[in-house]
Structure formats: C-alpha cells, structure tokens
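Data first, discussion second: the structure below is written as structure tokens.
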C-alpha cells in the first residue's frame, strides 16, 4: 500500500467483505456525504472512502493548480487510490461529477472496476443545440463560479490559502473546523471549472464496465433527458428512476439510494449465475 | 407575532426538506414581485432562483442543511417574476419536523462592494504570482551565477596546477642551463672564478672559459638582451657555438664574428624574435703574458695591474647581432703576474654605486682571489636583499688572476 496516497487522499477503509466498493463524493464535498449510505455496505463489502486532493481532510499541500484544472487530475486521484490499495474489480459509486471521473478512470484501467454506480451523472452540463440538452448555458456556469467566490468572502478574506506557504497554510487549515462542502476558493473554483466546462460525450461510448444510472426526480443539474442520453449511449448500462427529489439522493433519501444500489448489484450477480459464469 | 413576520424588514419562508415552498411572508413576495403568495406556495424554491443559484442550492445549500442543520450567510441570487436578479444573503435552519426556515436579506449595495473586494483579491493574487515569477527568474540567475563561479574556481585550479608545472619545468631548465657553465680553473699560471645569478629561474647571461693549449686560455662573457626564457634559449644556442669555436683555438675575431653572424642568421626571417647580445672575449697567453680582447658593446672589464693600477677594457665594437658585416679586430695588452681582471654584466654594475667595483677590486689587492670574489658576491647579495630594484637583472661576473 502506498502510504503517501492514503494520507494524501485521506483514504478510510471499513467493512467485513472482500469485494471493494468505493464511494466518491461529488463536486466540492468530502467523504462525510456518504455517512448515511456507506455503513449499509459494510456487512458485505470492503468500504473505501476518500477525498480528492484539496477537499476535506486531504493533503492541501499536494494541490497542483495545473493538474487539477482538468478532470484528468481527479481521474488520476481515483487511479492512485485503486493502485495504492491494489484494487481489482471494485464497485465504484460516484455522485454527480464523480460518476464521470469514475467512468474515465474505468476506461483507462478497466481491471480496477467491476461496476459503475452513477448518481445524478451528466456527460456535459452545457446545452449543445439542437441535439443535446445539458441544462445550462455558459453564462449560468460563469455566474455560479462568481457566486462561489462571493460565498468564500466570509472566511478566506484575502488570499486563497493555496497561495501561502506550507506552514501558514497548515495553520489556516486548522482554523477551518468545518470544511464540509467548503474548500479553499481557488481549489473550489478550479474544481468547478474542470467539472462544468468539460464535455465527455465522446468518452461514454468507450466504457467497458457495466453501469447503473440513478436518475432522481426533478434534478435540475442532471435532468431526466441527460440520464436517458447516457442510458442510450453507454454500453451495458441500466437506469433506475428514483423517487428522491433533487441532486443529492444519498443525503436526502439514503434508504432509497442504498436499496437502488443493492437491487442492481444483486441483479447483476444473479445474471452472472444464470449465465453460468460463476457467482460471488 | 404572525403579523410581525409578514411585515418584518426581511424575507421569511419555510421549505420542505427537498426545497418546496411551504410558507412565505409578504416582504419576500413583494421582493420577488409576485402579486400574491399563492402563486409561490407549493412550488419549488427554484422558481425564485437564477440558473446558477439553482446549482448552488443543490451543491451547497441542501447538503449543508442536511448534514449540519443550518446555513449562515449564504450568498445567492434570486430572480423576480419580472426576471430581475436580486443578490441576497440567506440564513436557514432545519427544524425537527424536517421543515427548513429561511431568512433572506437583500444586499444590493453590499454586493457591489464585494465585487470590488473580489477584484482587489484577484489583483493581489496576480501581483503575488508576478512576484513568484520574478523570484523564480532570480533563482535561475543565481544558479547560473553559482555555476559561473564554480567554473571560475575550476579554471583557477587549472591555472594553479599549470603554474606549478611551469615552475617545475623552469627549475629543470635552470639546472640544464647551469650545467652548460664551465667550472673554475685554478692552477699555477692562472685562476678563473665565476659568479652566476639569474633574476628569474633562467638567465640571459652566459659565460665560458677554456684551457685551449697549456698556455692559452679563452674566456667569454655574454649578456643577451632581456631576461627569462627567451633570452635563456638564445644563450644556450650561443653557448654550444662558442664552446666549439674556442676549444678549437680559432682567433678571437673569428669567434666573435661567428657569434655575430649566427645571431643575424637566426633572426634574419623573424624580426619579432630578434635578440642581440653584448659580449667580451679574452684570449690569454700565459707564456707571452699577453691578452687579446674584443669587447662587443659590453660593460668595460677592469684590468688591474699587480701594483693596483686599473685600466678599463672598453668596447671595441657594437653589440653582436646589431650591424652586419662589421670587422672585428682584437686589442692587445701585456701583463705581469699578479694582475687581475674583472669581467661583469650590467646587472652587476647597475646594482652597485658608481666605481664600487673598482674600489672593491682595489681594496682587496692583498687578499686572495677567492676572498675577493666572496667580497664582491656579498656586496651584491646585500644590495639584492635591500631592494628588488637591484635584483631585477641577471648578474654574472668572472674574476681572473694571472
């Protein structure tokens, strides 16, 4: 195991099972978003939680603004986590943008993954008329970044902490007792730009690992049309429509989320047995 | 109380956990430019939000309210029924009944101020980046400077080694030059002693004295212009020539003429390397008690009779290697036993006061030749240690007692 990655990405492992299930938090949040979901998998699986570099209790000093200005930087984080734990055929559960990060990671190293569970995924947030409706115009996303910056005024009053040297940064970091879903403005806006302006529509057709799309009701960030677009274009994918409203079913409706994931996984195992390939 | 909330100077509303509006006060309805609250109740809060605020609510507000049960000072932008945007601050808390209470304060003026703050921060960040860049450039310059310094030190070491090697070579060359010098002659008829001192490792002075026949002796002293390596090289080539000529017993004028011609030939096609020399040659015959001499531009030799009377053997010709086709004709003097002759180069005479050599020679009339040589040598060495000036030229003298 690579201790550097474990510390850098704040990897936490729990559970009694052998097969690994990785939970990847969505945009801007740390691994605590899974607290109502991940324990339900500890009986059967080895549960792996982590934070992307720059978020939560990860090593802020490892944040490289160039590397993390592209989605590939976060994809590398996922690959590093898999490599550090020597994972094979793990289930990857990603929320929001993390489902795309997991998808890209699985294209690069298919052996690491057995299934992708994508909660509220979107291959492209921008509208691309007439063929594609992502939900947003460029202006909306620019305003979002502006809104993010204004929400950081309260505590990151002058410089963003990544610009300070390590010692000072460590002190600032200590003061941020509540870092849940609130990161350094530079890191957050870097992540936001990497997420929101990418277009992965060409990548989704290349995926080799079977996947499940969890489609919420009234999700303005990943609307039904986007989920259906994915279902249509991703080989070996299934879609489950949830009653949960909004974009964060793992937080608002953890029970339904757990059940949807488990149903899919059970179903997959039975299919394999039925085909004579072998069970778990 | 109900009435107070309706008309409070801030927006007030309650939401379901997933964001549907349950109640809303008058102030907020007016702010959103709706005719009545009925058009809003039951709708999702999204209807009153800009597109970007809708994403923000999903990414930040709802996760925070679920995880922490409260949100403070969240900046959002509302959209009115007429499509106008209103920047607001939002405080909210999650109640036990899973309802979310929201308090909303518009901040039109403050928002402009914050825009300026953000701009100022960005400028400061840019300035910081610029500074970092300059620092980086400085570091590169420093590294290059260190490298140059290292190179300089290496060159210095090479130079020091080269200097050491050269010094060793010079010492070896000095030994070679000194082996070319003839040894003192002491017998019943004649005593010839010499002193030889180079200003640097190598000397531009050279001498030789040879017993040609049982009664004939040839004595020569040359001073090649300059001093150091180039002059020393010329002395060595002249030495090999005069040694041969004098040993064969050729006439003085032939010895000197051959040396003169040799210098002319040597530098005929190479004016840059041109060297000339002064020389004095004595041909002593102890049987006839005569001395034939030729002085080519050399300081006069002192000839002292047994009674102390001194004569000077002045130049008979210009220096060798200067004018071509000069005829050399030796002069002749007779002597009686006990007479002494002192030949010297200008390095000797210039180190001493005028007539010092004459006085030294005269004063040591009754002392042995060896002691006389010691006296002159010590006088020279004293002067040499007193001042560098007196030590800057090659010094050589020959002392003869007949």
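Residue numbers (the working numbering), protein chains in the order written: chain A, 1445 to 1724; chain B, 372 to 773. Beta carbons: idealized from backbone N, C-alpha and C, even for Gly.
Within 8 Å of any Cβ in chain A, is that where the Cβ of residue i sits?
i: residue 390(B); result: yes
i: residue 490(B); result: no
i: residue 427(B); result: yes
i: residue 447(B); result: yes
i: residue 485(B); result: yes
Specify the secondary structure class of residue i as computed by DSSP and reduced to three states.
i: residue 1655(A); result: strand
i: residue 500(B); result: helix
i: residue 1588(A); result: helix
i: residue 448(B); result: strand
i: residue 1646(A); result: coil
i: residue 1692(A); result: coil
i: residue 745(B); result: helix
i: residue 663(B); result: strand
i: residue 478(B); result: coil
i: residue 1488(A); result: coil
i: residue 1661(A); result: strand
i: residue 650(B); result: strand
i: residue 683(B); result: strand
i: residue 575(B); result: coil
i: residue 1612(A); result: With a pLDDT of 44 at residue 1612(A), under the threshold of 50, the modelled position of this residue cannot be trusted, and the question is left open.
i: residue 507(B); result: helix
i: residue 619(B); result: coil
i: residue 424(B); result: helix
i: residue 562(B); result: strand
i: residue 631(B); result: helix
Using a Cβ-Cβ distance cut-off of 8 Å, determine whether residue i contacts chain B.
i: residue 1609(A); result: Below a pLDDT of 50, predicted positions are generally treated as unreliable, and residue 1609(A), at 39, falls in that range; the measurement from the model is reported next regardless. Answer no: the Cβ-Cβ gap between residue 1609(A) and chain B never drops below 8 Å.
i: residue 1613(A); result: Residue placement at residue 1613(A) is flagged as unreliable, the pLDDT there being 42, under the threshold of 50; a coordinate-derived value is accordingly withheld.
i: residue 1580(A); result: yes
i: residue 1533(A); result: no
i: residue 1591(A); result: yes
i: residue 1511(A); result: no
i: residue 1471(A); result: yes
i: residue 1584(A); result: yes
i: residue 1454(A); result: no
i: residue 1670(A); result: no
i: residue 1477(A); result: yes
i: residue 1559(A); result: no
i: residue 1690(A); result: yes
i: residue 1587(A); result: yes
i: residue 1664(A); result: yes
i: residue 1637(A); result: no
i: residue 1595(A); result: yes
Closest to residue i by CA distance: which of the options is it?
i: residue 624(B); options: 490(B), 553(B) and 667(B); result: 667(B)
i: residue 573(B); options: 548(B), 432(B), 753(B) and 520(B); result: 548(B)
i: residue 1705(A); options: 1672(A), 1555(A) and 1539(A); result: 1539(A)
i: residue 596(B); options: 647(B), 485(B), 632(B) and 620(B); result: 647(B)
i: residue 720(B); options: 669(B), 773(B), 676(B) and 677(B); result: 669(B)
i: residue 500(B); options: 1517(A), 1509(A), 1558(A) and 1542(A); result: 1509(A)
i: residue 673(B); options: 732(B), 649(B) and 694(B); result: 732(B)
i: residue 1460(A); options: 1701(A), 1470(A) and 1488(A); result: 1488(A)
i: residue 368(B); options: 454(B), 671(B), 461(B) and 752(B); result: Given a span of 372 to 773 for chain B in the structure shown, any question on residue 368(B) remains unanswerable.
i: residue 472(B); options: 436(B), 487(B) and 503(B); result: 436(B)
Looking at the C-beta of residue i, does it have a partner C-beta in chain C at a distance below 8 Å?
i: residue 1508(A); result: Although the question refers to chain C, the structure presented lacks it and instead comprises the protein chains A and B.
The region 1630 to 1644 of chain A in contact with the region 392 to 404 of chain B per 3-pair CB rule at 8 Å: no
Chain B contacts made by the region 1536 to 1552 of chain A, where a contact means CB separation under 9 Å: 1540
Chain-ordered residues of the region 1694 to 1718 of chain A with a beta carbon less than 8 Å from chain B: 1695 and 1696
Three CB pairs or more closer than 8 Å across the region 1647 to 1658 of chain A and the region 1676 to 1684 of chain A: yes
Contact set between the region 413 to 439 of chain B and chain A, restricted to residues whose Cβ is under 8 Å from the partner: 415, 417, 421, 422, 423, 424, 425, 426, 427, 429, 430, 431, 433, 434, 435, 437, 438 and 439
contact_flag[the region 1650 to 1661 of chain A, the region 1490 to 1504 of chain A] where n(CB pairs < 8 Å) is 3 or more: The region 1650 to 1661 of chain A vs the region 1490 to 1504 of chain A: no contact.
Contact the region 533 to 540 of chain B vs the region 733 to 748 of chain B: 3+ CB pairs below 8 Å: no
Three-pair Cβ contact test at 8 Å for the region 1690 to 1705 of chain A versus the region 1452 to 1459 of chain A: no
At least 3 beta-carbon pairs within less than 8 Å: the region 1572 to 1585 of chain A vs the region 413 to 429 of chain B: yes
Interfacial residues, the region 1504 to 1530 of chain A to chain B, with Cβ spacing under 7 Å: none
Residues within the region 1641 to 1662 of chain A neighbouring chain B, beta-carbon criterion of under 8 Å: Taking 8 Å as the Cβ-Cβ cut-off, the region 1641 to 1662 of chain A approaches chain B at 1662, given in chain order.
Three CB pairs or more closer than 8 Å across the region 601 to 611 of chain B and the region 633 to 650 of chain B: yes
Contact the region 1537 to 1556 of chain A vs the region 1680 to 1689 of chain A: 3+ CB pairs below 8 Å: no
Three or more C-beta pairs below 8 Å linking the region 1657 to 1675 of chain A and the region 1562 to 1572 of chain A: yes
Touch test, the region 708 to 716 of chain B against the region 586 to 605 of chain B, Cβ-Cβ under 8 Å, three pairs minimum: In short, these stretches touch, since the Cβ pair count reaches three.
Segment contact, 8 Å Cβ cut-off, at least three pairs: the region 545 to 560 of chain B with the region 747 to 759 of chain B: The region 545 to 560 of chain B makes no contact with the region 747 to 759 of chain B: fewer than 3 CB pairs, one atom from each, lie closer than 8 Å.
Cβ contact check for the region 647 to 659 of chain B and the region 577 to 590 of chain B: 3 or more pairs under 8 Å: A contact between stretches requires three or more CB pairs, one per stretch, nearer than 8 Å, and the region 647 to 659 of chain B meets this requirement with the region 577 to 590 of chain B.
Contact between the region 1507 to 1521 of chain A and the region 1567 to 1576 of chain A (3+ Cβ pairs under 8 Å): no
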